[in-house]
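**Student:**
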Amino acid sequence: MIDPKLIRTDPDALRRAQAARKESVELIDQLVAADEDRRAAIAAFEALRSEQKDLGKAVAKATPETRPALLTQAKELADKVKEADEFTKVAEERFTRLLMELPNPVYDDVPVGGEDDFVVKETIGTPRDFVAEGFAPRDHLELGELLGAIDMERGTKISGSRFYVLTGVGALLELALTHYAVSKAVEWGFNPMLVPALVKPSAMEGTGFLGQAAQDVYYLPADDQYLVGTSEVALAAYHSNEILDANSLPLRYMGYSPCFRREAGSYGKDTRGIFRVHWFDKVEMFVYCKPEDSQEEHQKLLACEKDFISSLGIPFEVLEVASGDLGLSAARKYDCYGWVPSQGKYREITSTSDCTQFQSRRLNIRARYADGVGPVATLNGTLCAMPRMIIMILENFQNRDGSVTVPPVLRPYLGGRETLTPLA
RNA sequence: GGAGGUGUCGCCUAGUUCGGUCUAUGGCGCCCGCCUGCUAAGCGGGUUGAGGACUCAAAUCCUCUCGUGGGUUCAAAUCCCACCACCUCCGCCA
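The first sequence begins at 662 in this note's numbering and counts up by one.
(1) Quick one: what's Phe921 bridged to in DSSP?
(2) For Phe796, is the classification buried or exposed, using 16 other Cβ atoms within 10 angstroms of its Cβ as the cut-off for buried?
(3) Give the single residue among Asn1060, Ser1014 and Leu1055 whose Cα lies nearest to the Cα of Thr1043.
(4) With a floor of 3 residues, list each beta strand (DSSP E) that falls wholly inside the segment 1001 to 1072, ordered by position along the chain.
(5) For the beta strand (DSSP E) holding Glu783, just list the boundary residues, first then last.
(6) May I have a chain-ordered list of the alpha helix (DSSP H) segments no shorter than 4 residues that lie completely inside the segment 764 to 847?
(7) For Gln956, which three-state DSSP category applies?
(8) Going by DSSP, what residues sit across from Pro976 in a beta bridge?
(9) Could you tell me the alpha carbon to alpha carbon distance between Val938 and Leu836, rounded to whole angstroms?
(10) Quick one: give me the first and last residue of the alpha helix (DSSP H) that Ile703 is part of.
(11) Around the Cβ of Ser1012, are there at least 16 other Cβ atoms within 10 angstroms (buried) or fewer (exposed)?
(12) Could you tell me the boundaries of the beta strand (DSSP E) in which Glu737 lies?
(13) Indicate whether the contact test is met: 3 or more Cβ pairs, each with one atom in the segment 800 to 811 and one in the segment 1019 to 1035, closer than 8 Å.
(14) Under 8 Å, with one C-beta from each stretch per pair, do the segment 1067 to 1078 and the segment 969 to 982 reach the 3-pair mark?
(15) Can you have a look at Leu980 and say buried or exposed, based on whether 16 or more other CB atoms are within 10 angstroms of its CB?
(16) At what residues does the alpha helix (DSSP H) containing Pro862 begin and finish?
(17) Terminal residues of the continuous beta strand (DSSP E) containing Leu888?
(18) Buried or exposed: where does Leu962 fall if 16 or more other Cβ atoms within 10 Å of its Cβ makes it buried?
(19) Can you give the Cα-Cα distance for Val1034 and Ile904, rounded to whole angstroms?
(20) Here's the rule: buried if 16 or more other CB atoms are within 10 angstroms of the residue's CB, otherwise exposed. What is Val847?
(21) For Glu903, name the three-state secondary structure that DSSP assigns.
(22) Taking the beta carbon of Ala721 as the centre, do at least 16 other beta carbons fall within 10 Å, making it buried, or is it exposed?
(23) Considering only their Cβ atoms, is the gap separating Cys1016 from Trp849 smaller than 8 Å?
(24) If you follow the beta strand (DSSP E) that Leu989 is part of, which residue opens it and which one closes it?
(25) Report the option in Leu738, Asp769, Thr733 and Asp696 whose CA atom is closest to the CA atom of Arg758.
(26) If you count every other CB in all the chains shown that lies within 10 Å of the CB of Ser909, and 16 or more means buried, which is it?
(27) Assess, as a yes-or-no matter, whether the segment 709 to 720 is touched by the segment 767 to 781 under the definition of 3 or more beta carbon pairs within less than 8 Å.
(28) Given a threshold of 16 other Cβ atoms within 10 Å of its Cβ, counted over all protein chains shown, does Ser892 qualify as buried or as exposed?
(29) Between the segment 1039 to 1059 and the segment 987 to 1007, do three or more beta carbon pairs fall short of 8 Å?
(30) So the beta strand (DSSP E) Leu896 belongs to, where does it begin and stop?
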């Protein structure tokens, strides 16, 4: 979210900042007008209220003779105050609503365009040449079934489409990945957090998931709560309505939680296997830092992701997402796409966003600096989304006989196991 | 889910009976100063927080803030209603 002060001091700067998102530029004009109304209403209210207080004191001190006249006067004033209060509320609500609709301004150098206009920044590792090896790679579901690792049919039986059950080595593989990811995060200085997957509307609203992404979110009307699509929501809301000690920044957290996504609007897309599912577990990184440090922190998060994926030995690409595909909250986003042999292409496995002050303003998170209270920035990044990482491991490290070689870094977390072998 | 209790400025606390000098008391802690080889103790002073106005800055001023939101009233920490959180007991339950 943009700085409300900027609305008054330099609306043109805002227009420039929003230029990459054409739809929101006109919002700014409304916002400027709404802000003027709001400020005028507040000033009027405060003046009346001040007057009322003085009059109230006079009433208290009044003699029986002077009292009735003062009371009449006070009653009239009270009506005016009530009216001004009402007016102020309406103006504030209108302003807040507009402000909430405005997407985060993107950085100047973010590639312009839509979903397909990303820029590949880097390619790391080389995909295996299965032709040279003389066999056609099986896809993750076939491998998962051979290994007794994935039970799609029963997942669907229990819960419906896009649900799965991880069985046997599949379950062990996820747990191993989880332990490995957690220990890496801790090693890098992230504070591990196990957070609720069920949150209040304010948490969802504050992180920006009730805007464009609202249709993708599970809502429980009976309790007025949402199922999170990522632990980012809880990690961001963790410090809501707090003033952090600037000396404690950056705060680096690692969250682990189940994630729930309705995947509305993706009917028929990636329906096979566990690539796109309604529920999965994820280890997530989250950072609170000074606004001027956010870009550097973003690079660090990306470096962590690259380190993690590389350490497993998965070939991948790093790409920067174009402005039109950033969502409400990100000012910049990098995705890592891992190689999927059965599809012959790279697919998304991680995503890291610099949300600058968008979330912290909505969640009212600030920090106390040497020169006063000021804003903070938030960032998030996937460390390990389990099903997708399982896909990467099964497919990239499969052997001719359907067995899968366990990446060496993962072996300590799998009881030293080197190979997953098909059931007899 | 049922019954009862609690929620005050970092922490503890007075104030709520009976609405108005509450512009919220006191202690702890913290900050500044004095005193003293050093430290501690002692003495004096300061200390809710946020938003805004003005200013180079300081000073000053205004609004909001006694869990949150409403209501009553000229006026609410104080009265009424709803909600939230915590505590105790009961019930249910992994």
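Ideal placement from N, C-alpha and C gives every residue a C-beta, glycine not left out.
**Tutor:** From the atom records:
(1) Trp940
(2) exposed
(3) Ser1014
(4) 1006 to 1015, 1026 to 1030, 1033 to 1036 and 1038 to 1046
(5) Val780 to Ile785
(6) 791 to 794, 801 to 808 and 813 to 820
(7) helix
(8) DSSP lists no partner for Pro976.
(9) 18 Å
(10) Val686 to Lys722
(11) buried
(12) Not the beta strand (DSSP E): Glu737 falls in the alpha helix (DSSP H), residues Arg728 to Glu762.
(13) no
(14) yes
(15) buried
(16) Pro862 to Thr868
(17) Gln886 to Leu888
(18) buried
(19) 8 Å
(20) exposed
(21) strand
(22) exposed
(23) no
(24) Where Leu989 is concerned, there is no enclosing beta strand (DSSP E), given that its DSSP letter is neither H nor E.
(25) Asp696
(26) exposed
(27) no
(28) buried
(29) yes
(30) No beta strand (DSSP E) contains Leu896, which is instead part of the alpha helix (DSSP H) from Glu893 to Ala898.
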